[in-house]
Amino acid sequence: MAEQDRDESLWRQERQEVQKNATEIFRLFEEHNPAPSTELVYNNDFTLLIAVILSAQATDASVNKVMTEIMERVDSPQKIIELTQDGFATFIRTLNIYKNKAKYIYELSTMLIEQYEAKVPLILQELIKLPGVGRKTANVVLNVLTGGNGIAVDTHVLRVSRRLGIASENTPEKVEQELYCVVPKQFWEKTNHWLVLHGRYTCKAKKPMCSDCFLRAYCQFFKRQP
Ligand code: SF4
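The structure is reproduced here in structure tokens:
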């Protein structure tokens, strides 16, 4: 067999192995938590979008604290505009980079009113045009609101995927593409939720709780431990 053919055959074998592992991993996720959902609180499409933007570099618990007031007093783009950017910033001043977040949310409120009849567009290509909305934010919003199939990759998803051995790249965009290749499509809708919750409560960044983890048998990180 020529060297190139041998390399390709090895690559195929490895890929099949990863796909097999990924299938088992997500079958187990489904068994343990059949209906995962976001831990962010919201009361309409707009407040979900705000909550997801606010969750950058902040915990869901800290976001949920400010969301109570937001849901009561500024649950639409019009109300944010009436409050003004500085006024809204005071609502979220307990969060990291709150001034930037207030700026984005004020600007996107203006854009929603001017271009989208004050409604959140539930299309990836439109969502990512909004200020402060990247691919990850858009995929999370679509996942929650429409059961969309996009896999949003945040720090938890990236770390857990790499430890499990179902991804090897270092950037969210590349890991997202790797996951589309190895995770069976029927699991895509819940992939982000499962990996985020697993990263938050079990496969923690500093001290993964491997002895309590139901994925040990399929985890490359665990297999490498002495
Ligand atoms: S076995 Fe350990 S490293 Fe692997 S997924 Fe579970 S907690 Fe994370």
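In the numbering used here, the protein residues as written are 30 to 255. A virtual CB, placed ideally from N, CA and C, is assigned to each residue, including glycine.
Q | Where residue 210 falls, given that 16 or more other Cβ within 10 Å makes a residue buried | A | The residue you call residue 210 lines up with position 181 of the sequence shown. Its Cβ having fewer than 16 others within 10 Å, residue 210 is exposed.
Q. Does DSSP classify residue 46 as helix, strand or coil?
A. Indexing the sequence shown from 1 puts residue 46 at position 17. Reduced to three states, the DSSP call for residue 46 is helix.
**Q.** Where residue 53 falls: helix, strand or coil (DSSP)
**A.** Position 24 of the sequence shown, counting from 1, holds the residue named residue 53. If DSSP states are grouped into helix, strand and coil, residue 53 belongs with the helices.
(Q) Less than 7 angstroms separating the Cβ of residue 251 from some heavy atom of the ligand SF4? (A) Within the sequence shown, the letter at position 222 stands for residue 251. At least one heavy atom of the ligand SF4 is nearer than 7 angstroms to the Cβ of residue 251, so yes.
Q. What are the start and end residues of the alpha helix (DSSP H) that includes residue 250?
A. Within the sequence shown, the letter at position 221 stands for residue 250. That run of the alpha helix (DSSP H) goes 249–253.
**Q.** Cβ neighbours of residue 75 in the same chain (closer than 7 angstroms, five flanking residues each side left out)
**A.** Residue 75 sits at position 46 when you count from the first residue of the sequence shown. Taken in chain order, the residues that qualify are 104, 105, 106 and 149.
Q) Ordered along the chain, which non-local residues of its own chain (more than five positions away) have a Cβ less than 8 angstroms from that of residue 94? A) Start at 1 with the first residue of the sequence shown, and residue 94 comes out as number 65. Cβ neighbours of residue 94 beyond the five flanking positions: 123.
Q: Determine, using beta-carbon pairs with one atom in the stretch 232–239 and one in the stretch 185–198, whether at least three such pairs fall under 8 angstroms.
A: yes
Q: Figure out for me which residue from 126, 247, 173 and 59 has the closest Cα to the Cα of residue 71.
A: For the purposes of this step, residue 71 is identified with residue 42 of the sequence shown, where counting begins at 1. With distances taken between Cα atoms, residue 71 lies closest to 173.
Q) Relative to the alpha-carbon of residue 179, which residue among 188, 213, 83 and 199 has its alpha-carbon at the smallest distance? A) For the purposes of this step, residue 179 is identified with residue 150 of the sequence shown, where counting begins at 1. The candidate whose alpha carbon is nearest that of residue 179 is 213.
Q. Okay, do the stretch 83–99 and the stretch 120–135 touch, 3+ Cβ pairs below 8 angstroms being the bar?
A. Result yes; three or more Cβ-Cβ pairs closer than 8 angstroms.
Q.
Given the structure, does residue 231 come close to the ligand SF4, in the sense that its CB is under 7 angstroms from one of the ligand's heavy atoms?
A. Translated into the one-based positions of the sequence shown, residue 231 becomes position 202. At least one heavy atom of the ligand SF4 is nearer than 7 angstroms to the Cβ of residue 231, so yes.
Q) Given 8 angstroms as the limit, is there contact between the stretch 48–63 and the stretch 200–207, that is, 3 or more CB pairs closer than that? A) The answer is no - the stretch 200–207 does not touch the stretch 48–63, with fewer than three Cβ pairs under 8 angstroms.
Q.
Give the list of continuous alpha helix (DSSP H) stretches no shorter than 4 residues that lie fully inside the stretch 126–159.
A. 127–144 and 153–156
Q: Would you give the residue range spanned by the alpha helix (DSSP H) that residue 198 belongs to?
A: The residue labelled residue 198 in the question sits at position 169 within the sequence shown. Here residue 198 belongs to no alpha helix (DSSP H), and DSSP marks it neither H nor E.
**Q.** DSSP-derived helix/strand/coil call for residue 161
**A.** Translated into the one-based positions of the sequence shown, residue 161 becomes position 132. Of the three classes helix, strand and coil, the one that applies to residue 161 here is coil, per DSSP.
Q: Grab me the residues of residue 8's own chain with a C-beta within less than 7 angstroms of its C-beta, minus the 5 sequence neighbours each way, in chain order.
A: Because the chain spans 30 through 255 in this model, residue 8 falls outside it and cannot be assessed.
Q: Using the Cα positions of residue 245 and residue 108, report the straight-line distance between them to the nearest angstrom.
A: The sequence position of residue 245 within the sequence shown is 216, counting from 1. The sequence position of residue 108 within the sequence shown is 79, counting from 1. Taking the straight line from one Cα to the other gives about 49 angstroms.
Q: Please classify residue 110: does DSSP put it in a helix, a strand, or coil?
A: Here residue 110 corresponds to residue number 81 of the sequence shown, with the count starting at 1. Residue state, collapsed to three classes: helix.
Q) Would the beta-carbon of residue 175 fall within 8 angstroms of that of residue 153? A) Walking along the sequence shown from the start, residue 175 turns up at place 146. Walking along the sequence shown from the start, residue 153 turns up at place 124. No, Cβ-Cβ distance for residue 175 and residue 153 is not below 8 angstroms.
Q. What residue from 38, 84 and 53 has the CA that sits closest to residue 166's CA?
A. Position 137 of the sequence shown, counting from 1, holds the residue named residue 166. Checked all of 38, 84 and 53; the closest Cα to residue 166 is 84.
Q. Excluding five sequence neighbours on each side, which residues of the same chain lie with their C-beta closer than 6 angstroms to the C-beta of residue 205?
A. For the purposes of this step, residue 205 is taken as residue 176 along the sequence shown, with counting starting at 1. Counting only Cβ-Cβ distances below 6 angstroms, and skipping sequence neighbours, we find 180 and 182.
Q.
Spatial neighbours of residue 131 within its chain, please: C-beta separation below 7 angstroms, excluding the five flanking residues on both sides.
A. Within the sequence shown, numbered from 1, the residue matching residue 131 stands at position 102. These residues qualify, in order along the chain: 114, 117, 118 and 121.
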